[in-house]
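**Student:** Here it is, the structure, as structure tokens.
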Amino acid sequence: MWTTGTVIERIEWNDKLFSLRIEADVEPFIAGQFIKLSQIRDEKRIARAYSLVNPPGKPYIEVLAVAVEDGQLSPDLQALKVGEQIEVSTKAAGFMTLEEIPTGAIQGPHLWFLATGTAVGPFISMMETDEPWQRFEKVVLVYGVRLIEDLAYLPQIKALQQKYPQQFIFIPSVTREHYSEGLSCRIPDGLQSGLIEQTAGIALSADNSQVLICGNPEMIVDAQSTLTEKGLVKSLRRAPGQITVEKYW
25 MWTTGTVIER IEWNDKLFSL RIEADVEPFI AGQFIKLSQI RDEKRIARAY
75 SLVNPPGKPY IEVLAVAVED GQLSPDLQAL KVGEQIEVST KAAGFMTLEE
125 IPTGAIQGPH LWFLATGTAV GPFISMMETD EPWQRFEKVV LVYGVRLIED
175 LAYLPQIKAL QQKYPQQFIF IPSVTREHYS EGLSCRIPDG LQSGLIEQTA
225 GIALSADNSQ VLICGNPEMI VDAQSTLTEK GLVKSLRRAP GQITVEKYW
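Structure (structure tokens):
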């Protein structure tokens, strides 16, 4: 089902990367889930999924998007002004949530988030809730982008560093220009070489880690392969493991 949402705020991260806060009557959701935005064009509904960046309980929903020149919906989203409307699915979906992470001995003390580009959104949503900080001793966000200007939500991330200075480890990686505050490698390469673990100051293993991966398909495949070599396995409801994946397109 669909409802009409109204844009109440825009955040411009760069000339193509932006966030929309939308006032819409949607059902309660779980941090990490996604909704769909849509428009009717030529009597056909064009819909795309966007992860919710805001935590549950806010009086709005927030999505992070990048405008793709030949995209069917994203250019229209980028053109939306405050006060204009967009169709929103009333119910969120998705299983990349902390509820799906195994509990007990298999959980381990460390939670790793591996994200590229706009896929950092669902991890921001999770980190803005109490659950990861109550369940895990360490929370690591590895955030890979091409350019420094692509690092969205840095103010929120830095606020989390101040709020959880002993728990939260933030590792940005910018691949196409020098960034003095982070790495300059692809996430799978950093995992393979051990650089990411070295930077975090903690080991990543099947005994102590849960890893959530969200981003471009190539990164997901390569990162999961490297983690498998380290002995981690994909987590399923019938067979709990250490790796949870959501393909972003």
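So for the sequence shown, this note's numbering puts the first residue at 25; every next one is plus one. The beta-carbon is built from N, C-alpha and C at its ideal position, and this holds for glycine as well.
1. Once the 5 residues before and after residue 89 are set aside, which same chain residues still bring their CB inside 8 Å of it?
2. By the 10 Å Cβ neighbour count, where 16 or more other Cβ atoms means buried, how is residue 171 classified, buried or exposed?
3. According to DSSP, is residue 37 helix, strand or coil?
4. Assuming residue 233 is part of the beta strand (DSSP E), what are its boundary residues?
5. Let me check understanding here. Comparing Cα to Cα, which of 262, 58 and 264 lies closest to residue 147?
6. Go through its chain and collect everything with a Cβ distance to residue 155's Cβ below 8 Å, but skip five positions before and after it.
7. Who are the near neighbours of residue 193 in its chain, counting only those whose CB is closer than 6 Å to its CB and skipping five residues on each side?
8. If you run the structure through DSSP and keep just helix, strand and coil, what is residue 73?
9. So the alpha helix (DSSP H) residue 60 belongs to, where does it begin and stop?
10. If contact is defined by three or more beta carbon pairs under 8 Å, each pair taking one atom from either stretch, is the stretch 81–95 in contact with the stretch 226–233?
11. What is the rounded straight-line gap between the Cα of residue 184 and the Cα of residue 191?
12. Quick one: give me the first and last residue of the alpha helix (DSSP H) that residue 147 is part of.
13. Drop a sphere of 10 angstroms on the beta-carbon of residue 176, count the other beta-carbons inside from all chains shown, and report buried for 16 or more, exposed for fewer.
14. Can you tell which of 212, 167, 209 and 124 has the C-alpha that lies nearest to the C-alpha of residue 262?
15. I think residue 83 touches residue 53, with their Cβ atoms under 8 Å apart; what is that distance to the nearest whole Å?
16. Alpha carbon to alpha carbon, how far is residue 72 from residue 139? Give it in angstroms, no decimals.
17. In this structure, does DSSP put residue 204 in helix, strand or coil?
18. Would you check if there are 3 or more beta carbon pairs closer than 8 Å linking the stretch 210–217 to the stretch 235–247?
19. What three-state label does DSSP hand residue 282 in the structure shown?
20. According to the Cβ coordinates, are residue 96 and residue 29 closer than 8 Å?
**Tutor:** Let's see:
1. 41, 42, 43, 44, 74, 98, 101, 102 and 142
2. exposed
3. Here residue 37 sits in coil by DSSP.
4. 233–239
5. 58
6. 55 and 122
7. 164 and 224
8. For residue 73, the three-state secondary structure derived from DSSP is strand.
9. First-last for residue 60: 58–65, but that is the beta strand (DSSP E), not the alpha helix (DSSP H).
10. no
11. 10 Å
12. 145–151
13. Residue 176 counts as buried, since at least 16 other C-beta atoms from the protein chains shown sit within 10 angstroms of its C-beta.
14. Distance from the Cα of residue 262 is smallest, within the candidate group 212, 167, 209 and 124, for 124.
15. That pair is no contact at about 14 Å.
16. Taking C-alpha positions only, residue 139 is separated from residue 72 by approximately 19 Å.
17. coil
18. yes
19. Absent from the structure is residue 282, since the part of the chain shown begins at 25 and ends at 273.
20. Pairing residue 96 with residue 29 gives a Cβ-Cβ distance that is not under 8 Å.
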